[in-house]
Structure formats: structure tokens, C-alpha cells
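**Q** Just dropping this structure here.
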Amino acid sequence: MYVPKFNYHKPDSLKDACKILNENKNAALLAGGTDILVELKKGLLNYDDLISIKNLKELKILEEDKKNIIIGSAVTHSEIKNSTLIKNKLPVLSKAAASIGTEQIRNTGTIGGNICTGASCCDMAPALLVYGALVEIFSISEKKIIPITEFFIDHHKTFLKKGEILTKIIVPIPTKNMGISFFKFGLRDAAAISVASVGVMLNFEKGKCTDSKIAIGAVSPAPKLSNNGSGALIGLNKKEISNVKTLQIIGEAVANDALPINDIRGSADYRRNVMKILTQRAILEAVNQIKN
Ligand SMILES: Cc1cc2nc3c(=O)[nH]c(=O)nc-3n(C[C@H](O)[C@H](O)[C@H](O)COP(=O)(O)OP(=O)(O)OC[C@H]3O[C@@H](n4cnc5c(N)ncnc54)[C@H](O)[C@@H]3O)c2cc1C
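Residue numbers (my numbering): 43 to 334.
Put into C-alpha cells, the structure is as follows:
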């Protein structure tokens with residue numbers, strides 16, 4: 043199987059990239075190519091023009107301001123996994139990046155490409171959802187910032203419209219009152235697409251949970267915050283949250299929020315059962331990080 047012929051563009055500015063996107067009816071961006079080139083090869087997608095974002099330096103930033111870590115969309119999974127800044131400030135994002143594919147895929151695949159696939163199983167999504175990340179979107183006419191919760195719309199459908207480029211992911215730095223965790227279950231330890239994945243964020247004030255988010259991946263048309271699970275732990279203390287009964291109830295509630303499919307990696311029932319367990323483990327890991 044060969045990649046079909048296409049016109050290759052390598053613009054030096056965001057504006058030029060947008061212009062080429064707008065001028066060509068059947069064009070797409072090319073980041074690491076680990077997803078799009080595979081789909082082209084399989085004949086699942088077909089583009090006349092591919093626009094490489096390799097020369098767009100502004101998409102390669104990885105920096106900190108007073109409140110956020112700002113990650114350019116073309117930063118690779120390896121760069122995220124190995125960054126001391128990310129390891130110190132957003133360790134769960136580093137863990138999610140480390141869980142993706144193989145070293146070759148991580149060296150090439152980007153955080154932007156990962157979430158722009160809109161795949162329900164994209165592993166950066168649950169972590170970014172529980173960190174409360176925002177994304178910056180650039181087009182010829184405007185630049186906008188939206189919460190990542192609005193980015194994932196449906197199966198392989200994101201908020202991005204024709205001519206728009208995801209430029210940055212802005213992740214608020216968690217406070218010391220938060221516990222955050224991510225668990226992914228795949229059929230192998232390495233190079234495994236998620237059967238299910240869960241992210242959890244708990245915020246504590248004076249010994250009680252004041253905010254909680256639970257994100258689910260690979261078990262619904264798009265990654266999302268679980269409606270049943272998020273907020274369900276508010277008002278409870280550490281002991282109450284760690285209680286087996288509470289964990290089972292929340293695990294069940296989150297699994298009920300999923301709309302899993304049957305596929306080669308597992309049946310819908312299997313995925314729901316995995317969700318119950320992953321959710322409990324993720325809550326326990328998050329609550330154990332709470333010091334107050
Ligand atoms: C062997 C193998 C194993 C894998 N394992 C995993 C895994 O464990 N977990 C996982 O989540 N994924 C996995 N993947 C999928 C893929 O590698 C990742 O999703 C990767 O992060 C995609 O990033 P990329 O830079 O290669 O994207 P590309 O393939 O270049 O692009 C993907 C899509 O995003 C669009 N796009 C890219 N950048 C932008 C941007 N800045 N703005 C707007 N649109 C953009 C492209 O047009 C395209 O539609 C695997 C793939 C392979 C081949």
C-alpha cells in the first residue's frame with residue numbers, strides 16, 4: 043500500500059498556512075503524520091494538498107507564565123514526556139504522553155495532532171480535560187481561545203472549522219490542593235490503543251472535596267467529562283472518598299455515562315467493566331495526593 047499522491051506545502055508562517063488551507067478545497071495540515079499518513083495509506087482519507095507545520099516555530103513553544111503551562115500544538119509526545127517543566131508541573135500529562143504508541147510514534151506524533159484527530163481514544167484528552175485546559179485556535183480572521191471541553195464534538199469531529207489551526211494548549215498549573223491522575227488500559231503494555239482511559243481531578247479545601255472532575259476516553263464517541271462522575275465527590279472527605287462503597291458507586295455511575303462500542307479490542311460490556319475499575323483506581327490515586 044502506498045500513500046496516494048498529494049501536493050506538499052511547507053509554509054514559514056501561520057498566515058501562509060491558513061491561506062493555503064483556505065485556497066485549496068481538499069487540504070489538511072500535516073503535523074507528525076502518524077495518524078493522517080496511515081489513514082491516507084489505508085484509503086480511509088484522501089487529500090490533494092498536505093500542509094506541513096514543521097516550519098511554524100510558534101507551534102513548538104513549551105513555556106510557563108504565572109498561572110499556566112503553554113504548549114504549542116506541534117510539540118511532540120517525547121518532548122512532553124521528557125520535559126522537566128511538564129514532569130514537575132503537569133506530571134499526569136507527562137504520564138499520558140509516555141503511554142502513547144512507541145518511541146518512534148512519540149518522537150514524531152504531536153499533542154495537537156493527537157487531539158485534532160478527534161478520536162475518542164486520543165490519550166492526551168482525558169488528562170487535558172481534568173487539568174481544565176484551554177485551546178487557542180487561529181484563522182485568517184481571528185484568534186480564539188476555548189475550553190477543551192468544547193473542542194471535542196463527536197466521533198472524529200472537533201470544533202475546528204475549515205481554515206483553522208490549533209496553535210496552543212494552555213494548561214492551568216494545578217494548585218497544591220489538587221490531586222490529579224490518569225489511567226489507561228490497553229491490551230498490551232506498549233503500542234496499545236486505549237480500550238478505556240480515565241482522568242480524575244480532585245480539589246480539597248479544609249479537608250473536604252470542593253471540586254471534582256472525571257474524564258473518560260475510548261468509551262464514547264468523543265472524549266469527555268463524565269456528567270455522572272464529575273462533581274459527585276464534592277463535600278466528601280478523604281476517608282469517605284476512599285471508602286470501597288463510594289468508589290464502587292462512582293465507578294458504576296461513570297461506566298453508565300459511557301457509550302462504548304464493540305470492536306476488536308473489546309466488547310462494550312468489557313469496556314464498561316474496565317471503566318468501573320479504572321475510575322476507582324484513578325480516584326484513589328488522586329485522593330492519595332491530597333495533603334490537607
Ligand atoms: C503504531 C501507532 C500507535 C499509536 N498509538 C497511539 C496511542 O497509544 N495513543 C494515542 O492517543 N494515539 C496513538 N496513535 C495515533 C497517533 O500517533 C497520535 O494521535 C498522534 O498524536 C497524532 O499526532 P500527529 O502529529 O502524528 O498528527 P497527524 O497525523 O499529523 O495529524 C492528525 C490530524 O490532526 C490534524 N492536525 C494536526 N495538527 C493540527 C493543528 N495544529 N491544527 C489543526 N489540525 C491539525 C491533521 O490535519 C490530521 O487531520 C498511534 C498511531 C500509530 C501509527
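The beta-carbon is built from N, C-alpha and C at its ideal position, and this holds for glycine as well.
Keep in mind the model is a prediction, meaning the values are calculated, not measured.
Measuring only the C-alpha atoms, how far is Asp58 from Leu101?
**A** In a straight line, the C-alpha of Asp58 is about 14 Å away from that of Leu101.
**Q** At a threshold of 8 Å, does Asn156 count as lining ligand 1 (C-beta to nearest heavy atom)?
**A** Indeed, a heavy atom of ligand 1 lies less than 8 Å from the Cβ.
**Q** Following the continuous beta strand (DSSP E) through Asn245, name the residue where it begins and the one where it ends.
**A** 238-247 is the span of the beta strand (DSSP E), which, as asked, contains Asn245.
**Q** Within 10 Å of its beta-carbon, does Asp107 have 16 or more other beta-carbons around it, so buried, or fewer, so exposed?
**A** Counting Cβ neighbours within 10 Å, Asp107 comes out exposed, since fewer than 16 surround it.
**Q** Does the distance from the C-beta atom of Lys280 to that of Gly249 stay below 9 Å?
**A** Their beta carbons are under 9 Å apart, which means Lys280 touches Gly249 by this criterion.
**Q** Apart from the five residues on each side of it in sequence, which residues of its chain come closer than 6 Å, Cβ to Cβ, to His119?
**A** Excluding sequence neighbours, His119 sits near Ala139, Ile142, Arg148, Gly151.
**Q** By the three-class DSSP mapping on this structure, what secondary structure does Asp305 have?
**A** Here Asp305 sits in strand by DSSP.
**Q** For Gly23, does the three-state DSSP call read helix, strand or coil?
**A** No information on residue 23 is available, as it lies outside the stretch 43 to 334 that the chain covers here.
**Q** Starting from the C-beta of Gly160, find all residues in its chain whose C-beta is less than 8 Å away, skip the five residues before and the five after it, and write them out in chain order.
**A** Only Phe194, Ile195, Asp196, His197, His198, Lys199, Thr200, Ala264 meet the Cβ criterion.
**Q** Within this structure, are the beta carbons of Ile179 and Ile215 separated by less than 9 Å?
**A** Cβ atoms of Ile179 and Ile215: not closer than 9 Å.
**Q** How many Å lie between Ile157 and Asn298 at the Cα?
**A** Going from the Cα of Ile157 to the Cα of Asn298 covers about 24 Å.
**Q** For Ala49, collect the residues of the same chain with a Cβ closer than 7 Å to its Cβ; drop the 5 residues on either side in sequence, then sort them by chain order.
**A** For clarity, residue 49 is Asn in the given sequence; the question names Ala instead. These residues qualify, in order along the chain: Asp90, Asp91.
**Q** Mind pulling the beta strand (DSSP E) runs of 3 or more residues that sit fully within the segment 86-168?
**A** Qualifying beta strand (DSSP E) stretches, in chain order: 91-94, 104-106, 110-114.
**Q** I'd like to confirm the pairing. Which residues does DSSP put opposite Gly256 in its beta bridges?
**A** Looking at the sequence provided, one finds Ile at residue 256 rather than Gly. Answer by DSSP bridge pairing, in chain order: Val242.
**Q** To which residues of the same chain is Asn64 closer than 6 Å at the C-beta, ignoring the five residues directly before and after it?
**A** Cβ neighbours of Asn64 beyond the five flanking positions: Gly205.
**Q** On the three-state DSSP scale, how would you describe Ala69?
**A** Ala69 falls in the strand class under three-state DSSP.
**Q** Could you give the residue range of the alpha helix (DSSP H) that holds Leu320?
**A** Counting along the chain, the alpha helix (DSSP H) containing Leu320 begins and ends at 310-330.
**Q** Taking Ala324 as the reference, which of Cys164, Gly241, Lys266 has the closest Cα?
**A** Nearest option by C-alpha distance: Gly241.
**Q** With a 10 Å radius around its C-beta and 16 neighbouring C-beta atoms as the bar for buried, classify Gln322 as buried or exposed.
**A** By the 10 Å Cβ count, Gln322 comes out buried.
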